[in-house]
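Everything on this sheet refers to the single structure shown next.
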Amino acid sequence: MTGKMYEDTFTFQQAPNGKVAVEPNLRFGCGMFNSGNFGSNESGIAGFGCGGLFQAPPVLAAFPSPATPDKTSPALPASAAGYCLCRHSSRPSTAFLGTSDNLEAQATGRLQSTPLVRNPESNHYYLLLKGITVGKMRQPFDAAAFALKGDGFGGTIIDSSSSLTSIPEALYRSLVEAFKSQVFFFFWKRRLAPASASERCMRPYY
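If you want it as structure tokens, here you go:
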């Protein structure tokens, strides 16, 4: 991806017919040469990393919490931000920025959250991986192997823009076997070279 970085004034609305906040000098990128599988309803990729380029906190501070609608001082903590993933067929898609109170007020279903771990050495979002289940089978798992170390190395990151999951090879092999043991009406066919992103895939058995 090749593009340019700009600054402009953005207008955010808390909800339909809700409070409006105007935030000047927000940075955003415009891709000129992009590669990837974009559909007709996809304009590009929005980056919400926890580095200095993502400036959600000043925007969030402009919105009071629904629980305290009369409060005039900033009610949202600077570290609060979130967004919801939608179906590819959704027109248009919507990003939600705010505290859990704001998100609960706009959600149409039950919200679930995962605590994040801050790594001062990285702009990625880290989490504590506590286990992996294939079907109903809990897999042998060493949580220490996925723990974030004091020097910033290790850990488990979550990237919602990627469709791939990268894990240590030994665990990957055991997950493959566990998955194969539960998929009875498919057979495995190796299509690409081992160690490629699509090393294994399935096709119907005839």
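Residue numbers (this note's numbering): 1392 to 1597.
Even for Gly, the Cβ is constructed at its ideal location relative to N, Cα and C.
_For N1416 and D1399, I'd like the C-alpha separation in whole angstroms._
Taking the first residue of the sequence shown as position 1, residue 1416 is located at position 25. Taking the first residue of the sequence shown as position 1, residue 1399 is located at position 8. Approximately 5 angstroms, taken between the alpha carbons.
*Proximity test, Cβ basis, 8 angstroms: R1529 and chain C*: As a matter of chain content, chain C is missing from the structure shown, which is built from one protein chain.
*Just mark T1556 as buried or exposed, buried being the case when its beta carbon has 16 or more other beta carbons within 10 Å.*
Position 165 of the sequence shown, counting from 1, holds the residue named residue 1556. T1556 is exposed by the Cβ-count criterion.
*asked:* Considering only DSSP beta bridges, list what A1412 is partnered with.
replied: To locate residue 1412, count along the sequence shown from 1; it is residue 21. In the DSSP output, where bridge partners are listed per residue, A1412 has F1403.
_By the three-class DSSP mapping on this structure, what secondary structure does V1525 have?_
If you number the sequence shown from 1, residue 1525 lands on position 134. V1525 falls in the strand class under three-state DSSP.
*What three-state label does DSSP hand L1555 in the structure shown?*
Working through the sequence shown from its first residue, we reach residue 1555 at position 164. Looking at L1555 - three-state DSSP - the assignment turns out to be coil, as it is neither helix nor strand.
*What residues in its chain sit with their C-beta under 6 angstroms from that of Q1404, if we drop five residues either side in the sequence?*
Here residue 1404 corresponds to residue number 13 of the sequence shown, with the count starting at 1. So the qualifying residues of the chain are V1411.
*Sort K1395, N1408, F1401, V1574 by Cα distance to V1525 and report the nearest one.*
Numbered from its first residue, the sequence shown carries residue 1525 at position 134. Closest by alpha carbon: V1574.
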